[in-house]
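Chains as they are written, first to last, in this note's numbering: chain A, 2 to 509; chain B, 2 to 509.
By construction, the Cβ of each residue, glycine as well, lies at the ideal position given by its N, Cα and C atoms.
I have placed the structure first, in the form of structure tokens, so that the comments after it can refer back to it.
Number of protein chains: 2
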Amino acid sequence: MAKQPKNAISPTRTEDFPEWYQQVIKAADMAENSETRGCMVIKPWGYALWENIQQQLDKYFKRTGHQNAYFPLLIPLAYLEKEAEHAEGFATECAVVTHHRLEAEKQEDGSTKMIPSGKLTEPYIIRPTSETIIGAAFSRWTNSYRDLPLLINQWANVMRWEMRTRLFLRTAEFLWQEGHTAHETEEEAIEETRLMHGIYTDFITNHLAIPVVAGEKSEVERFPGAEMTLTVEAMVQDKKAIQAGTSHFLGQNFSKAQDISFTGRDNTQQHAWTTSWGVSTRLIGTLIMAHSDDDGLICPPRIASQQVIIIPVTPKEDSRDAIIDACEALATTLRHKDFHGEPLRVQVDKRDLAGGAKKWEWVKKGAPIRIEIGPRDLESRKVCMQRRDEDTFEKHFMDKEEFIRDCEDTLQEIQNEILRRATELRDSNISECSDLTEFEKHFSDPKNDQPGWLITPWAGSNEEEETLSKKHKISIRCFPLDKQDGEEAPCLITGKPTKARAIWGRSY
Amino acid sequence: MAKQPKNAISPTRTEDFPEWYQQVIKAADMAENSETRGCMVIKPWGYALWENIQQQLDKYFKRTGHQNAYFPLLIPLAYLEKEAEHAEGFATECAVVTHHRLEAEKQEDGSTKMIPSGKLTEPYIIRPTSETIIGAAFSRWTNSYRDLPLLINQWANVMRWEMRTRLFLRTAEFLWQEGHTAHETEEEAIEETRLMHGIYTDFITNHLAIPVVAGEKSEVERFPGAEMTLTVEAMVQDKKAIQAGTSHFLGQNFSKAQDISFTGRDNTQQHAWTTSWGVSTRLIGTLIMAHSDDDGLICPPRIASQQVIIIPVTPKEDSRDAIIDACEALATTLRHKDFHGEPLRVQVDKRDLAGGAKKWEWVKKGAPIRIEIGPRDLESRKVCMQRRDEDTFEKHFMDKEEFIRDCEDTLQEIQNEILRRATELRDSNISECSDLTEFEKHFSDPKNDQPGWLITPWAGSNEEEETLSKKHKISIRCFPLDKQDGEEAPCLITGKPTKARAIWGRSY
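The following block contains the structure:
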């Protein structure tokens, strides 16, 4: 297949980045809007990514001693009232359940109308996050220091009544995991917060090929009720930031509000130290924006729904069966191979469709490797391989045995190449800046509506941070962990000498 | 460990079956009630069963060409109004979302009160099942016969405002999978309905060790909107029936109401034929009631959270480390073994607890095999094995190598034995009956409040079925598939000759 003169996705990234994003999702058939306000339907090709994320991340959680559990979807209002700071930060825009019955009312035209009835004395909200309800369970489960640590994770749907939504990145309902832990000591809880932050960094970098910046949120940007929020910030191709995952040290704030207390080793009554941490289907949106091109999705092999697509090329009826058999046999061989501890995911596309249309579909869907086998290949035991990360669409003709032998290596090369590009994008778009005029010019340049991130010495107050953020529609994405111990330099705004460095940028 | 004189669970099954059930769940630490009305917290030991059910059943679904996807939690009322019969059967007791905001109102005493605001013009219900919302998506996705079949499954939470709840068996919120498919022809849709029914029968019999009766529901008991409902009915130890899974042929009822239509091969516009099928966390309740005994949970090895528990017996400090090392080494060896395509699930219990208490905990939690290794075993390379299915608590002393070699066989023996017992229970409690007086006596005998099932020739009307059901608090559980082609016999109630056989019983 030669590269079509035209890009498969219209508009292109440079023409209209947000619309390009929507069109990639459509072209790859990953998700669509539903008639439920702000809620999406995640279609199989998109959901398979979530399944892979779930399975792979779950192994990290279990390896570090966490167990899965499940807690109620509905949260009593009384729970929120106990944790005012958290509730005000979180529960203001949420779905409220006030009735528990519908009555079918026959209309004159024969149709039926459904009327809510059975008003609840105590309404519930659909969980926007589960600190309060899991805290109530932890309170029941914790009597002695011997009951700690509690290391619990939940895979669940949550709901926030978002005004402006965008598939995967910001939807009213989304899927996520939320870890919640309770510990005997402050040190242990902080260690847990950092451990999970490290797992997110590793997972997103090495599985999703997104080289996140790992850092701490400013007080302004912290999770409501947290004492420290660690974040992993991804840069996508329009240079905006996406908060891809967070890990919160909650101190004793929730444990005091919810009475998660225990008899300690010294026989005194103490409050536990808690953490929470989560990633969501937002990761899928981040992945799309980070890697895809003007021909559609580019999906890192480790997370791809299918890693190898085999397309039988059957121009003549008489060789058709033999070619399809050869494709199936190759698929079976590949499925017995192993890529990072999982069997290779391989699909033979036998649909009765024109070859060109079929191949473009897999380009748009971002399958890492496409293999074609035609009548001549059958005799010569060769295959034609194309890699999704090569936008030249080069055809690699090779012996089938060679392809089989090197298949995992090729997948790893693709994985590495996708990570390399994303790293290059990130590194060439973070600049140091210690001058306020320059800083303001960078973020208000009318000729550059996709400004990169700036890293600045920062010792400003919350008010100064908020003023600057509002003025330029930016925010402190984080204080990157590996940049806080260098030379002192004058703070961007106060001039006070500081070792602290903040990264600023636009964000989704 | 000798058998304690007293049973671990109080009351016993014969003393109070429903209360025994609650106490088993508590003793095995599987779930508990929450403060959200009718909703449970599924604790790790219970949730792990659900994870195993999910993983194992999902393989069946994928092997038969189904794909997972995710659809919105909230259903617009307009969708229900389109499908009146379904909605009236289903959506009358459900959670209704009417507001999308909470306002925090400071009280005089300093506390905060949360007040619902932001009233929705169109309320939503939380899905009690997703036929309507998935149907709306299918309507968008189906244009040509080439788009069919659609073979979609969803793992999700659903909610029904149940008045009387019971952990796992009937809760307001529960977890389930719901398959939804659309087909070009009636035959294909019926074939799909039967295929999934067969998968449920196979899975529940062979993985959960529950020998279900596979049959068709009567018209009275059918899913609202279905033309045929196939069911798998489990008998538990108090001889009640539990509907463990259902597969529905929906005809064109939903496709007409929701316009799931396509251009056929003959170029005419046609409505698709749809199916739906599901199992839920109810399976866990069924499993508990089917197998457990007066010492707690008995869990079939294929589905058990942990299959082998290794307990180091460390009376003396100087041999402690060596014993623990030996236990860990054994665990590692076992984890490299394979039981039905999955690595063995093995846990070493190193907690600092008295040996007896520790062992009783694993008895109550239903771990299939317990292994003890003490100082003498270390020298002789022996282990002491106990099987949860043996209520004599016999200690099997054997060479460690022998135990390792036979471990999968032992697990399979336990699996078979649990299935054998459940089959014996079922078969000795289903009797044929063709005499109405005898039938009524069976179900109204004051000396037998746990009557078994009766199988009767049946050609009665819906009204006759309902009258008889109401009178004796029973129902037709199903027309068992393998019993509909025998001799004609006079119907229990009408005397009309019929080949049809119905199974009657009490149920949860």
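Item                                                                                                                                   : Value
C-alpha distance - Glu1 of chain B paired with Val347 of chain B, whole-angstrom precision                                             : An answer regarding residue 1 of chain B cannot be provided, because it is not within the stretch 2 to 509 covered by chain B.
Any chain A beta carbon closer than 8 angstroms to Asn158 of chain B                                                                   : yes
Within chain B, partners of Arg321 of chain A - CB distance below 7 angstroms                                                          : Per Cβ cutoff of 7 angstroms: no residues; Arg321 of chain A is ~19 angstroms from chain B at best.
Amino acids of chain A, ordered along the chain, whose beta-carbon sits closer than 7 angstroms to that of Ser112 of chain B           : Glu82
Bridge partner(s) assigned by DSSP for Thr264 of chain A                                                                               : A:Ser145 and A:Gln270
Extent of the continuous alpha helix (DSSP H) to which Gln413 of chain A belongs                                                       : Lys401 to Asp428
Min CB distance Arg171 of chain B to chain A below 8 angstroms                                                                         : no
Nonlocal neighbours in the same chain, by C-beta distance under 7 angstroms from Lys396 of chain A, ignoring five residues either side : Cys385 and Gln387
Integer Cβ distance of Leu482 of chain B from Leu437 of chain B, believed to fall under 8 angstroms                                    : Their Cβ separation, rounded to whole angstroms, is 25 angstroms, which puts Leu482 of chain B and Leu437 of chain B out of contact at 8 angstroms.
Opposing strand residues paired with Gly216 of chain B [DSSP bridges]                                                                  : B:Thr232 and B:Pro481
Contact with chain A by His101 of chain B, beta-carbon distance below 8 angstroms                                                      : yes
Range of the contiguous beta strand (DSSP E) that encloses Ile153 of chain A                                                           : Leu151 to Met160
Contacting positions in the region 49-70 of chain B - beta carbon closer than 7 angstroms to chain A                                   : Glu52, Gln68, Asn69 and Ala70
From A:Pro124, A:Ser131 and A:Glu82, residue whose alpha carbon lies closest to that of Gln108 of chain B                              : A:Glu82
At least 3 beta-carbon pairs within less than 8 angstroms: the region 193-204 of chain A vs the region 28-44 of chain A                : no
Test: Phe263 of chain B CB closer than 8 angstroms to a CB of chain A                                                                  : no
Option in A:Asn207, A:Pro19, A:Ser445 and A:Arg266 with minimal Cα separation from Arg147 of chain A                                   : A:Arg266
Through-space distance from Val309 of chain B to Arg406 of chain B, alpha-carbon basis                                                 : 14 angstroms
Where the alpha helix (DSSP H) through Pro45 of chain B begins and ends                                                                : Pro45 to Arg64
Beta strand (DSSP E) segment containing Met386 of chain A, residue limits                                                              : Lys383 to Arg388
Inter-residue Cα distance where the pair is Ala305 of chain A and Phe139 of chain B                                                    : 25 angstroms
Cβ-Cβ separation, Ala29 of chain B to Ala9 of chain B (assumed contact under 8 angstroms), whole Å                                     : Actually they are not in contact, since the Cβ atoms of Ala9 of chain B and Ala29 of chain B sit about 10 angstroms apart, beyond 8 angstroms.
Every unbroken beta strand (DSSP E) within the region 263-344 of chain A, with a cutoff of 3 residues, ordered by chain                : 270-272, 274-281 and 309-313
Contact belief for His101 of chain B with Val97 of chain A at Cβ below 8 angstroms, rounded distance in angstroms                      : 7 angstroms
Cβ-based burial, Gln178 of chain A [other Cβ within 10 Å; buried from 16]                                                              : buried
Simplified DSSP state of Gln259 of chain A, which is helix, strand or coil                                                             : helix
Closer than 8 angstroms at the beta carbon, the chain B residues around Thr93 of chain A                                               : Arg102, Leu103, Glu104 and Ala105
Any non-hydrogen atom of the ligand ADP within 7 angstroms of Ala215 of chain A CB                                                     : No copy of the ligand ADP appears in this structure; indeed no ligand is present at all.
Test: Pro124 of chain B CB closer than 8 angstroms to a CB of chain A                                                                  : yes
8 angstroms Cβ cutoff, Met197 of chain A in contact with chain C                                                                       : Chain labels in this structure do not include chain C; the protein chains are A and B.
Secondary structure, beta strand (DSSP E): runs of 3+ residues fully inside the region 98-123 of chain A                               : none
Cβ-based contacts, 7 angstroms cut-off: residues of the region 31-42 of chain B near chain A                                           : Ser35, Glu36, Thr37, Cys40 and Val42
Buried or exposed by the 16-neighbour rule on C-beta atoms within 10 Å, applied to Ala137 of chain B                                   : buried
Chain B residues whose Cβ lies nearer than 7 angstroms to that of Leu209 of chain A                                                    : None at all; the shortest Cβ gap to chain B is about 19 angstroms.
CB contact check: Val384 of chain A to chain B, cutoff 8 angstroms                                                                     : no
Chain-ordered chain A contacts of Leu176 of chain B [CB-CB under 9 angstroms]                                                          : Tyr71
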